[in-house]
Every structure is written in structure tokens, then in C-alpha cells.
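Novice: In terms of the numbering used here, the sequence shown opens at residue 645 and continues consecutively.
For each residue, glycine too, the CB sits at the ideal point set by N, CA and C.
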Amino acid sequence: MARPMKSFNRFRPIVSAAILAAISLAAHADVKLPVIFSDRMVLQRDQKVPVWGWADEGEKVTVEFAGQKAETTAKGGKWSVALTPLKGSSTGAKFTVSGKNKVEFNDVVVGEVWFCSGQSNMEWAVSQSKNAKDEIAAANNPRIRHIKIPRVTAATPQDDVKAGPWQAATPQTVGSFSAVGYFFARDIQKELDVPIGLIGCNWGGTRIEPWTPPVGFQSVPALKADFADKLATFPARTPQVILETQPALDAAGKPILDKAGKATTKPVLDDKGKQKSRPVLDGKGNPVFNVSSGSPLSIY
């Protein structure tokens, strides 16, 4: 009996090592995308659609959607492609990303994507709005979709956010949607007749500066020194701390529906009369933001 037991003891670490190696290999091989990509997501119509993620060095990655195929090779553990402009479509389709593994997202539509930023007025949920019970009961519009980005602070820009998934507007889900975002989406959808995607990324009490990346401040020389001095001591609601939102902002194809217009009347950083809103939020030349003023209780 001693000999078989001895053989088993030698065999066990070999099996364990093989299992660990297989698990490690599988973990490294997976093609991954940010959580902003999920089932029921809305892609921006009529402009290039950025798609990005992570994979092994040198891994070939293929993105397929709506008859398009975009291919690339991962470098430094990252990859990105851009789909050519898509026409609006309410027909849900499959979105596939393939490498050593395959990732599939279902019921993906194409329309208008809006980034809903701002203070508590934008954060205010449908469940808190006037006639909430009736509004929630009547919300059966799968072409209006929402994803909520939670409050998380970071001292440096993040590669991903802790959010998702995208949800279609139904009586079971709409109560947690941004009220301003939802009623805005409902109104413009009547005019545009395309799906509307809302990225709910808001934080009560914040000013415009937290939503401004370094490129926005660096474009105004007078702000550089002040920005550098204050960055290290900013509390959570002040500039450059809410940096986990950037991946979500990258996914938004349209201007930002901002509900914090009044918050910029006393900026933390004096812009010396310069127009700071023009270059901020997106250093890629995309439109920046639209401002919606007033309270959701008085508007709707």
C-alpha cells in the first residue's frame, strides 16, 4: 500500500500545477471590453464607433457588427478599432468580438447616445419625479436605454468603470433612470425616431471641473500651475477626482446633457476670462456639451 500512496503524492502536485497553468492561460487569453459594452447597448449613429479593450500581446482581435468587420492586433495588452458610421436602427443585433475567445452582446441598437452629467438635478431619479407612479407604469419603451455609472473616485484616469448593464425602459427598470435624462430622451425620440441611449454619470454638488480632463486645463496656460497645486488635495467632489467616468465619456457619441450649469458660476479654478468649456471633456474634437437648466420637478 505504501508504493501506490507514494505515487499518488508525486502525481498530485503535477495535476495541481497543470490545473493552475490552464487557469492562468485562460485568464490571460481572454479578450475583454469595458463594462460600457453590454447587452442592450446603444451605439452612436452617423459617426465612427470606437471599440476597445484588452487582450494578449500580439493577439488578433476581430469586431463584427451590422455587416462590418474590423480587425486589429493587440499591442501592450490593449487594442482598439473603429466601425464606420452606422445608420440608426431599432432592430436589435448581435455584436461580436473574437480573439482566442469570443464575446457576444445581444440586442444592440444604433441611435443617439447622450452623456447625462451634472449635479443632483440630473441624478434625480424617475421614481422621485412628479407623478412618478404613472410615469413608471407608462414606461414601456425598449428603444430608450440607460446605464448608470456609480460614484467612485480615483486620483488617475481609469481604464474601466464599475457599472452596467444597459437597461431598456420598462416599468421594472425606469424608476432608477435619471429623470431629466429619461424625459429628455422620450421627447427627442418622438422627433428623431431612433433609439436613445443615456449614460447616467452624475454626482450631486459637483462643478464642471471634475468632468474636465487635463487637456482642458492645459489648453489655458494660466491654469496650469493652479491645477497642479490643487490636484493633490481635491476632495471627491472637486476637479479631477471623478476620473473613473472617462471610459463612459469615451463611449458617448453626442454632446453631454449637463444639468450643472449653475455650478460653474463660482469655479474652483479661475479661468481669467478664458472660455474653458470649449476644449474640455473631449480632446478628440467632438462636440462638448449642451446645458439644460432648471429643476426636473418644474420641467416635468
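With distances taken from CA atoms, which of 755, 747, 753 is nearest residue 675?
Specialist: The shortest C-alpha separation from residue 675 is found at 747.
Novice: Which term fits residue 630, buried or exposed, when burial requires 16 or more other beta carbons within 10 angstroms of its beta carbon?
Specialist: The chain is shown from 645 up to 944; residue 630 falls before or after that span and cannot be answered.
Novice: Taking 8 Å as the threshold, find out whether the segment 718–730 comes into contact with the segment 848–858 through three or more Cβ pairs.
Specialist: Segments in contact, no.
Novice: Is the beta carbon of residue 694 sitting closer than 8 Å to the one on residue 804?
Specialist: The answer is no: Cβ separation not under 8 Å.
Novice: Mind checking who residue 794 pairs with in its DSSP beta bridge?
Specialist: Answer is none; residue 794 lacks a bridge partner.
Novice: Out of curiosity, what's the CA-to-CA distance linking residue 865 and residue 853?
Specialist: Taking the straight line from one Cα to the other gives about 16 Å.
Novice: Using DSSP with H/G/I as helix, E/B as strand and the rest coil, what is residue 703?
Specialist: In this structure, residue 703 counts as coil in the three-state DSSP scheme.
Novice: Can you list, in chain order, the residues of its chain whose CB lies under 6 Å from that of residue 712, leaving out five sequence neighbours each side?
Specialist: Same-chain partners within the cutoff: 727.
Novice: To the nearest angstrom, report how far apart residue 816 and residue 741 are at their CA atoms.
Specialist: Roughly 30 Å between the two C-alpha positions.
Novice: Look up residue 780 in the DSSP assignment and say whether it is helix, strand or coil.
Specialist: DSSP places residue 780 in helix when its eight states are reduced to three.
Novice: So, with DSSP's three-state summary, where would you put residue 819?
Specialist: Of the three classes helix, strand and coil, the one that applies to residue 819 here is helix, per DSSP.
Novice: When you compare only the Cα positions, how much space is there between residue 860 and residue 870?
Specialist: Answer to the nearest angstrom: the Cα atoms are 13 Å apart.
Novice: In angstroms with no decimal places, state the Cα-to-Cα distance between residue 828 and residue 760.
Specialist: Residue 828 and residue 760: Cα-Cα distance of roughly 10 Å.
Novice: Any beta-carbon of chain D closer than 8 Å to the one on residue 674?
Specialist: Judged by its chain identifiers, the structure shown contains no chain D, having just a single protein chain.
Novice: Would you report the Cα separation of residue 868 and residue 862, rounded to the nearest angstrom?
Specialist: So the alpha carbons of these two residues sit roughly 6 Å apart.
Novice: Residue 786 to residue 704, Cα distance in whole Å?
Specialist: The straight-line gap from Cα to Cα measures roughly 34 Å.
Novice: Need the endpoints of the alpha helix (DSSP H) that residue 860 sits in, please.
Specialist: Taken as a continuous stretch (DSSP letters only), the alpha helix (DSSP H) holding residue 860 covers 858–862.
Novice: Using only CA atoms, which one of 778, 821, 798 lies nearest to residue 841?
Specialist: It is 821.
Novice: Let me check one thing: in DSSP terms, what residues is residue 752 bridge-paired to?
Specialist: Paired residue(s): 737.
Novice: Tell me whether the beta-carbon of residue 812 lies closer than 8 Å to the beta-carbon of residue 826.
Specialist: No, the pair does not count as a contact, with Cβ atoms beyond the cut-off.
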